[in-house]
Amino acid sequence: TWFRDYLYIPLGGSRVGRVRRYFNVMITFLLSGLWHGANWTYVIWGGLNGLFQIAGNVKNTLLSRLPATLKDGRPVVNRDCFSYRLFQRLMTFALICLTWVFFRAESLEAAMIVLRQMFSVHNPWIFFDETLYTLGLSRLELGLLVASAAVVLAVDVAHEHGVTLRKRLERQNLAFRWLAYLAAILCILIFGVYGPGFDASQFIYFQF
Numbered sequence: 257t258w259f260r261d262y263l264y265i266p267l268g269g270s271r272v273g274r275v276r277r278y279f280n281v282m283i284t285f286l287l288s289g290l291w292h293g294a295n296w297t298y299v300i301w302g303g304l305n306g307l308f309q310i311a312g313n314v315k316n317t318l319l320s321r322l323p324a325t326l327k328d329g330r331p332v333v334n335r336d337c338f339s340y341r342l343f344q345r346l347m348t349f350a351l352i353c354l355t356w357v358f359f360r361a362e363s364l365e366a367a368m369i370v371l372r373q374m375f376s377v378h379n380p381w382i383f384f385d386e387t388l389y390t391l392g393l394s395r396l397e398l399g400l401l402v403a404s405a406a407v408v409l410a411v412d413v414a415h416e417h418g419v420t421l422r423k424r425l426e427r428q429n430l431a432f433r434w435l436a437y438l439a440a441i442l443c444i445l446i447f448g449v450y451g452p453g454f455d456a457s458q459f460i461y462f463q464f
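Per my numbering, the very first residue in the sequence shown carries number 257; after that it's consecutive.
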């Protein structure tokens, strides 16, 4: 929010014309990338995020100018249908993953190597021949990652359908609530990152 409050809004924010607003967005994201490090990888990361924000705004503007329905009454673009929302989410995820290649790469050359490998190497057997476990995560760690992602996805879907797990839990009896609290604490103690090799100073944003 610092860049929004002290850069984007003073530049005019969204109160200016469309072209100037896009300029403000791009400047904000480029400087955000530069703030993370004096490296072209960070600048490109910020620039891509700004570009995708602008592209999304342009897309929404174009869609709003289309007629609401066809002659037979069907919607031109049904933004509420499952397939449209799924496409939006998958596209967002793919684009964000693309930007993070530049954020985590040590150089532009390294980023381009990763991108070339992403779009040129197709080895589905990596999921079956245990090669996947040589890329940094053990079988247990990968299982925990998948399980955690599934829990986050399930909670998000529940919230989207109006189900708030916290309120559901509050309506349960005292014994069930404490059992859930203790289970959460136990998961943190078992699966948390602790031990001699743990260093909290390695948190990524401490270097900026």
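Glycine included, C-beta positions come from ideal geometry on N, C-alpha and C.
Just so it is clear, the structure is predicted and the values come from calculations on it, not from any experiment.
- Counting the other CB atoms within 10 Å of its CB gives PHE375 a total below 16, which places it among the exposed residues.
- Between THR355 and TRP301, the CB-CB gap stays under 7 Å.
- VAL314 sits exposed, since fewer than 16 C-beta atoms from the chains shown fall within 10 Å of its C-beta.
- If you compare the alpha carbons of LEU307, VAL299, THR257, GLY289 with that of ARG277, the shortest gap goes to LEU307.
- Residues of the same chain with a CB within less than 8 Å of the CB of VAL272, apart from the 5 flanking positions on each side, are ASN280 in chain order.
- GLU416: member of the alpha helix (DSSP H) spanning 395–416, first to last residue.
- One Cα belongs to ARG335, the other to ARG341, and the distance between them is close to 7 Å.
- In the structure shown, the three-state DSSP call for THR325 is strand.
- Contact between VAL275 and GLY289 does not hold, since the beta-carbon distance rounds to 21 Å and is not under 8 Å.
- Annotation for LEU421: the continuous alpha helix (DSSP H) segment containing it runs 421–426.
- Per the coordinates, the alpha-carbon of ASN305 lies some 46 Å from the alpha-carbon of LEU430.
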